[in-house]
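Using the numbering used here, the letters of the sequence shown correspond one by one to residues 434 to 468.
Backbone N, C-alpha and C fix where the C-beta goes; we use that ideal spot for every residue, glycine too.
Report on the structure given below.
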Amino acid sequence: EAAQALKRAVVFLEGGQKKQIEELIGEIESSLGEW
Numbered sequence: 434e435a436a437q438a439l440k441r442a443v444v445f446l447e448g449g450q451k452k453q454i455e456e457l458i459g460e461i462e463s464s465l466g467e468w
């Protein structure tokens, strides 16, 4: 799941969508916390 979030983060970075990147960072941190 974290890998998929990272892939989406790359797409958002390319799109320059800062707000969604910040939300994704939160998702990634949550995913890492579940490990």
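- In the assembly as shown, Leu457 is a buried residue. Its beta-carbon has 16 or more other beta-carbons within 10 Å.
- Minimum Cα-Cα distance from Leu439 among the listed residues Leu465, Ile461, Gly466 and Glu447 corresponds to Ile461.
- The C-alpha of Ala442 is placed about 10 angstroms away from the C-alpha of Gln450.
- One Cα belongs to Val444, the other to Lys452, and the distance between them is close to 13 angstroms.
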